[in-house]
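Colleague: For what it's worth, the working numbering labels the leading residue of the sequence shown as 1, then goes sequentially. C-beta atoms are modelled at their ideal positions from N, C-alpha and C, and glycine is treated no differently. Questions regarding the structure given below will be posed in turn.
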Amino acid sequence: MKSFKKYYTIAAPPEDVYLALTNPLTIHLWSGEEAEMSTEPGSEFSLWEGSIVGKNISFEENKMIVQQWYFGDQAEESIVTIKLHTAGSGTSVELRHINIPDADYDDIVDGWNTIYFGALQEFYEE
1 MKSFKKYYTI
11 AAPPEDVYLA
21 LTNPLTIHLW
31 SGEEAEMSTE
41 PGSEFSLWEG
51 SIVGKNISFE
61 ENKMIVQQWY
71 FGDQAEESIV
81 TIKLHTAGSG
91 TSVELRHINI
101 PDADYDDIVD
111 GWNTIYFGAL
121 QEFYEE
(Lines of atoms letter the chains of each structure in order from A and count residues from 1; the text may use other names and numbers.)
(Lines give C-alpha, C1' and ligand atoms only; values in the text may rest on other atoms or scores of the structure.)
Protein backbone atom coordinates (compact mmCIF):
# COMPACT_ATOMS: atom_id res chain seq x y z
CA MET A 1 0.00 0.00 0.00
CA LYS A 2 1.14 3.52 -0.81
CA SER A 3 0.12 7.04 0.14
CA PHE A 4 -0.06 10.23 -1.92
CA LYS A 5 -0.07 13.83 -0.72
CA LYS A 6 -0.11 16.95 -2.86
CA TYR A 7 -1.24 20.57 -2.86
CA TYR A 8 -3.21 22.08 -5.73
CA THR A 9 -4.15 25.72 -6.31
CA ILE A 10 -7.63 26.46 -7.64
CA ALA A 11 -8.57 29.95 -8.88
CA ALA A 12 -11.82 30.05 -6.91
CA PRO A 13 -12.76 30.63 -3.25
CA PRO A 14 -13.04 27.60 -0.91
CA GLU A 15 -16.85 27.84 -0.95
CA ASP A 16 -16.92 27.34 -4.72
CA VAL A 17 -14.36 24.51 -4.63
CA TYR A 18 -16.29 22.74 -1.88
CA LEU A 19 -19.47 22.99 -3.94
CA ALA A 20 -17.59 21.74 -7.02
CA LEU A 21 -16.51 18.64 -5.08
CA THR A 22 -19.79 17.86 -3.31
CA ASN A 23 -22.71 18.91 -5.54
CA PRO A 24 -23.59 16.42 -8.32
CA LEU A 25 -24.70 19.18 -10.71
CA THR A 26 -21.50 21.17 -10.20
CA ILE A 27 -19.35 18.03 -10.50
CA HIS A 28 -21.03 17.41 -13.86
CA LEU A 29 -20.19 20.96 -15.01
CA TRP A 30 -16.42 20.59 -14.57
CA SER A 31 -15.99 16.84 -15.11
CA GLY A 32 -18.43 16.38 -17.99
CA GLU A 33 -19.70 13.21 -16.30
CA GLU A 34 -22.78 12.35 -14.25
CA ALA A 35 -22.07 12.03 -10.53
CA GLU A 36 -23.77 10.54 -7.52
CA MET A 37 -22.73 12.58 -4.47
CA SER A 38 -24.21 13.71 -1.18
CA THR A 39 -22.83 15.52 1.87
CA GLU A 40 -24.56 13.00 4.12
CA PRO A 41 -21.94 11.06 6.14
CA GLY A 42 -22.25 7.35 5.40
CA SER A 43 -23.70 7.90 1.91
CA GLU A 44 -22.06 6.22 -1.06
CA PHE A 45 -20.80 8.12 -4.10
CA SER A 46 -19.92 7.36 -7.71
CA LEU A 47 -17.89 9.52 -10.09
CA TRP A 48 -16.81 9.15 -13.73
CA GLU A 49 -19.42 6.50 -14.59
CA GLY A 50 -18.41 4.35 -11.62
CA SER A 51 -14.64 4.60 -12.16
CA ILE A 52 -14.45 6.04 -8.64
CA VAL A 53 -16.81 4.69 -5.98
CA GLY A 54 -16.78 4.85 -2.22
CA LYS A 55 -18.37 6.12 0.95
CA ASN A 56 -18.52 9.65 2.35
CA ILE A 57 -17.17 9.66 5.91
CA SER A 58 -17.35 13.28 7.02
CA PHE A 59 -17.67 16.86 5.86
CA GLU A 60 -16.77 20.25 7.27
CA GLU A 61 -18.53 22.72 5.01
CA ASN A 62 -16.13 24.73 2.82
CA LYS A 63 -13.13 23.22 4.67
CA MET A 64 -12.81 19.44 4.52
CA ILE A 65 -14.08 16.25 2.86
CA VAL A 66 -13.16 12.73 4.05
CA GLN A 67 -14.05 9.71 1.92
CA GLN A 68 -13.31 6.01 1.71
CA TRP A 69 -12.50 4.87 -1.83
CA TYR A 70 -13.23 1.27 -2.76
CA PHE A 71 -10.58 -0.91 -4.40
CA GLY A 72 -12.23 -4.32 -4.11
CA ASP A 73 -11.37 -6.58 -1.18
CA GLN A 74 -8.48 -4.90 0.57
CA ALA A 75 -7.71 -5.23 4.26
CA GLU A 76 -7.08 -1.55 4.96
CA GLU A 77 -9.49 1.23 3.99
CA SER A 78 -8.27 3.66 1.33
CA ILE A 79 -9.02 7.10 2.81
CA VAL A 80 -9.06 10.40 0.91
CA THR A 81 -8.87 13.64 2.90
CA ILE A 82 -9.32 16.93 1.05
CA LYS A 83 -8.70 20.14 3.01
CA LEU A 84 -9.49 23.57 1.58
CA HIS A 85 -7.49 26.64 2.63
CA THR A 86 -7.92 30.24 1.48
CA ALA A 87 -4.91 31.29 -0.61
CA GLY A 88 -5.12 34.86 -1.88
CA SER A 89 -8.23 35.05 -4.06
CA GLY A 90 -8.24 31.29 -4.58
CA THR A 91 -7.97 28.00 -2.72
CA SER A 92 -5.08 25.80 -1.72
CA VAL A 93 -6.30 22.21 -1.78
CA GLU A 94 -4.44 19.76 0.44
CA LEU A 95 -5.00 16.20 -0.78
CA ARG A 96 -3.99 13.13 1.20
CA HIS A 97 -4.86 9.66 -0.11
CA ILE A 98 -3.68 6.72 2.02
CA ASN A 99 -3.67 2.94 1.49
CA ILE A 100 -3.65 2.99 -2.30
CA PRO A 101 -3.01 -0.52 -3.68
CA ASP A 102 0.48 -0.68 -5.23
CA ALA A 103 -0.93 -1.84 -8.59
CA ASP A 104 -3.28 1.18 -8.77
CA TYR A 105 -0.89 3.87 -7.49
CA ASP A 106 0.37 5.32 -10.81
CA ASP A 107 -3.15 5.47 -12.28
CA ILE A 108 -4.53 7.10 -9.11
CA VAL A 109 -1.79 9.76 -9.01
CA ASP A 110 -2.28 10.50 -12.72
CA GLY A 111 -6.03 10.70 -12.15
CA TRP A 112 -5.66 13.18 -9.29
CA ASN A 113 -3.27 15.36 -11.31
CA THR A 114 -5.04 15.37 -14.68
CA ILE A 115 -8.64 14.17 -14.50
CA TYR A 116 -9.68 15.30 -11.02
CA PHE A 117 -7.83 18.41 -9.88
CA GLY A 118 -6.36 19.13 -13.32
CA ALA A 119 -9.87 19.41 -14.77
CA LEU A 120 -11.05 21.49 -11.81
CA GLN A 121 -8.11 23.90 -12.23
CA GLU A 122 -8.89 24.28 -15.94
CA PHE A 123 -12.58 24.83 -15.23
CA TYR A 124 -11.87 27.80 -12.95
CA GLU A 125 -9.15 29.26 -15.18
CA GLU A 126 -11.55 29.66 -18.12
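Helix, strand or coil for F71 per DSSP?
Modeller: Stepping through the sequence shown from its first residue, residue 71 is reached at position 71. In this structure, F71 counts as coil in the three-state DSSP scheme.
Colleague: How would you write the range of the alpha helix (DSSP H) that G90 sits in, first residue to last?
Modeller: For the purposes of this step, residue 90 is taken as the residue at position 90 of the sequence shown. Run containing G90: none in the alpha helix (DSSP H); it sits in the beta strand (DSSP E), G90 to I100.
Colleague: Which residue's Cα is closest to the Cα of G53: P41, M64, Q68 and E40?
Modeller: For this step, residue 53 is matched to residue 53 along the sequence shown. Sequence inspection shows Val at residue 53; the Gly mentioned does not correspond to that position. The option with the nearest alpha carbon to V53 is Q68.
Colleague: When DSSP builds the beta bridges, which residues end up paired with H85?
Modeller: Counting from one through the sequence shown, the residue named residue 85 turns up at place 85. Paired residues: S92.
Colleague: One question on the structure: do F4 and V109 come within less than 8 Å of each other, judged by their Cβ atoms?
Modeller: Within the sequence shown, numbered from 1, the residue matching residue 4 stands at position 4. Within the sequence shown, numbered from 1, the residue matching residue 109 stands at position 109. Yes, these two residues count as a Cβ contact at 8 Å.
Colleague: Under a three-way DSSP split, which group does T22 fall into?
Modeller: The sequence position of residue 22 within the sequence shown is 22, counting from 1. If DSSP states are grouped into helix, strand and coil, T22 belongs with the helices.
Colleague: Could you work out which residue in D104, T86 and V80 is closest to V17 when comparing CA atoms only?
Modeller: One-based indexing of the sequence shown puts residue 17 at position 17. Looking at the Cα atoms, T86 is the closest of the given residues.
Colleague: Just the C-alpha distance for E33 and I115, rounded to the nearest angstrom, thanks.
Modeller: Translated into positions along the sequence shown, residue 33 becomes position 33. Translated into positions along the sequence shown, residue 115 becomes position 115. One C-alpha to the other measures close to 11 Å.
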